[in-house]
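Trainee:
Residue numbers (the working numbering): 15 to 122.
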């Protein structure tokens with residue numbers, strides 16, 4: 015009887031952790047889609063990859079978890095952040111130019 019209770023408690027905490035992990039995953043995914051800032055959206059994407067890493071570690075797929083950490087968080091998300099910051103710097107250079115002045119040479 016005691017072994018059965020230990021098994022139930024272990025499975026209960028495992029499923030409870032999976033439930034909270036799924037709940038945090040859904041909330042973070044909604045925040046990623048609904049946020050206005052692209053930088054915040056990529057940070058939420060990094061948290062999603064961290065949640066996927068936790069899930070793969072729970073399912074005893076450590077190599078896949080390492081791939082999530084190195085490739086997706088370490089390379090893809092950092093590259094996206096660099097790209098967005100570079101684009102925002104480029105756009106801020108042309109803030110003084112009005113949109114009508116850009117097409118003036120095409121009208122002549």
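Virtual Cβ for every residue (Gly too), placed ideally from N, Cα, C.
1. Could you say which of 52, 68, 33 and 80 lies nearest to residue 101 if we only look at CA atoms?
2. Less than 9 Å between the C-beta atoms of residue 82 and residue 66, yes or no?
3. On a Cα-Cα basis, can you pick out the residue from 93, 62 and 57 that is closest to residue 36?
4. For residue 99 and residue 49, I'd like the C-alpha separation in whole angstroms.
5. Taking its Cβ as the centre, do 16 or more other Cβ atoms sit within 10 Å of residue 56, making it buried, or is it exposed?
6. At which residues does the alpha helix (DSSP H) containing residue 76 begin and terminate?
7. Suppose contacts are defined by Cβ-Cβ distances below 9 Å. Is residue 87 in contact with residue 64 by that definition?
8. Just to confirm, are residue 31 and residue 72 a CB contact at a threshold of 9 Å?
9. The alpha helix (DSSP H) that contains residue 52, what's its start and end?
10. Of the choices 58, 54 and 34, whose alpha-carbon is the least far from that of residue 43?
Mentor: The short version:
1. Along the chain shown, one-based indexing puts residue 101 at 87. Closest option to residue 101, Cα to Cα, is 52.
2. Here residue 82 is taken as the residue at index 68 of the chain shown, counted from 1. Here residue 66 is taken as the residue at index 52 of the chain shown, counted from 1. In this structure, residue 82 lies near residue 66, with their beta-carbon atoms less than 9 Å apart.
3. Sequence index remark: in the chain shown, residue 36 carries index 22 (1-based). For residue 36, the nearest C-alpha among the options comes from 62.
4. Numbered from 1 along the chain shown, position 85 holds the residue referred to as residue 99. Numbered from 1 along the chain shown, position 35 holds the residue referred to as residue 49. Roughly 17 Å between the two C-alpha positions.
5. The residue given as residue 56 occupies position 42 in the chain shown. Residue 56 should be labelled buried.
6. Taking the first residue of the chain shown as 1, we reach residue 76 at position 62. Per DSSP, residue 76 belongs to the alpha helix (DSSP H) from 76-81.
7. Taking the first residue of the chain shown as 1, we reach residue 87 at position 73. Taking the first residue of the chain shown as 1, we reach residue 64 at position 50. Yes, these two residues count as a Cβ contact at 9 Å.
8. Within the chain shown, the letter at position 17 stands for residue 31. Within the chain shown, the letter at position 58 stands for residue 72. Yes, Cβ-Cβ distance for residue 31 and residue 72 is below 9 Å.
9. Locating residue 52 in the chain shown gives position 38, counting from the first residue. Per DSSP, residue 52 belongs to the alpha helix (DSSP H) from 52-72.
10. Position 29 of the chain shown, counted from the first residue, corresponds to residue 43. With distances taken between Cα atoms, residue 43 lies closest to 58.
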